[in-house]
Structure formats: C-alpha cells, structure tokens
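Residues in the sequence shown are numbered consecutively from 63, following this note's numbering. Everything on this sheet refers to the single structure shown next.
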Amino acid sequence: GAHLEKLGSLVEIKGSNARLLPVAERAAYLFGKEGLREPKPKAKKAKSQQLALDFGHILNQLTEEQGTEDITVTQTGKTVLDRIHQTMLLFASGRSDALPRFLIEDGVGADQRFWTLAQSLSALYPPGTEEKRWIDGVLARKKGLGF
C-alpha cells in the first residue's frame with residue numbers, strides 16, 4: 063500500500079529500481095536543512111566498495127548554520143523511523159547531550175514502537191556497519207535514560 067513516488071525522503075527511484083536511502087543521506091531532511099550540500103566522501107578503504115559519508119561534517123555544518131554549539135531538533139520526525147534516524151545521527155555526531163533531551167523531554171523515547179523498531183533495525187543491520195554501531199549505541203542508552 064505504500065506509494066514509493068510519495069516517499070522521496072525515504073526512497074530513491076531511478077527508472078525501474080528503488081532503494082532505501084541510508085541514514086546519512088537523510089540528514090538534511092531530518093534536521094530541516096533541505097539546501098545542505100553533501101560533503102565529500104571519506105577516502106575509500108581498501109576492502110570496501112562503498113564510500114562512507116562524513117557525518118560529523120554534515121552535523122557540524124548544521125550546527126554552524128544554527129549558530130550554536132549544539133544540534134537542537136526543531137521538529138521530531140513524522141514517523142517512528144524518522145525519529146530513530148534522528149537519534150542515530152545525534153549519536154554518530156557525538157552529541158550525547160542532545161539524546162536525553164530528544165528522547166525524554168521531547169517524549170520520543172516514551173513510544174514503545176520506537177524501541178521495538180530500533181531493536182528490529184539492530185537485528186537487520188549487518189555487523190560492522192556504522193548504522194549498526196549507531197543504533198546499538200542508542201539502544202545502550204535506553205536503560206540509563208529510564209526506559
């Protein structure tokens with residue numbers, strides 16, 4: 063029942079192929095900066111065929127545009143997946159002080175669907191990937207935040 067052409071912030075369609083966008087490619091959408099330029103990719107590792115994006119650069123650029131030293135999530139994501147991706151990007155950027163505000167003060171962590179989907183994503187991400195490390199980092203903070 064999903065209409066892929068209406069999910070441009072989540073799915074990229076090229077011809078007859080569709081792919082889910084990685085968390086990194088959704089950063090500008092999730093933090094409300096549609097005009098953000100994509101940074102240069104990191105140097106490719108010898109064994110890896112896929113380029114890695116420099117998330118610190120993306121979030122630092124967002125921080126500079128906001129004029130603060132801290133990322134503030136001005137609007138929580140519309141979907142549970144959006145909110146999970148927002149927390150993953152906060153974790154990836156080392157903004158551990160923003161995680162409790164987002165999960166507790168904004169009420170994101172009170173939704174059990176958030177933690178259920180986060181656990182499911184953790185099981186689906188391949189071991190050794192950045193996304194797996196980020197989602198596991200968010201899940202590791204669950205108990206310490208009182209959830």
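Virtual Cβ for every residue (Gly too), placed ideally from N, Cα, C. Nothing here was measured: the structure is a model prediction, and the numbers come from that model.
Where Arg157 sits in the DSSP three-state scheme: In the structure shown, Arg157 adopts coil according to DSSP, grouped into three states.
Return the residue from the list Arg175, Leu82 and Ala86 that minimises the CA-CA distance to Gln148. Ranked by Cα distance from Gln148, the options Arg175, Leu82 and Ala86 are led by Ala86.
Please name the residue, chosen from Ala80, Trp177 and Ser155, that lies closest to Leu165 on a Cα-to-Cα basis. Considering only alpha carbons, the answer is Trp177.
Tell me whether Arg81 sits in a helix, a strand or coil according to DSSP, three-state version. Here Arg81 sits in strand by DSSP.
Cutoff 8 angstroms; reference Leu179; Cβ partners in own chain excluding five residues on either side: Once the five neighbours on either side are set aside, the close Cβ partners of Leu179 are Val142, Leu143 and Ile146.
Just tell me which of Trp196, Pro84 and Tyr91 has its CA closest to the CA of Phe153. Each of Trp196, Pro84 and Tyr91 was checked against the Cα of Phe153, and the nearest Cα belongs to Trp196.
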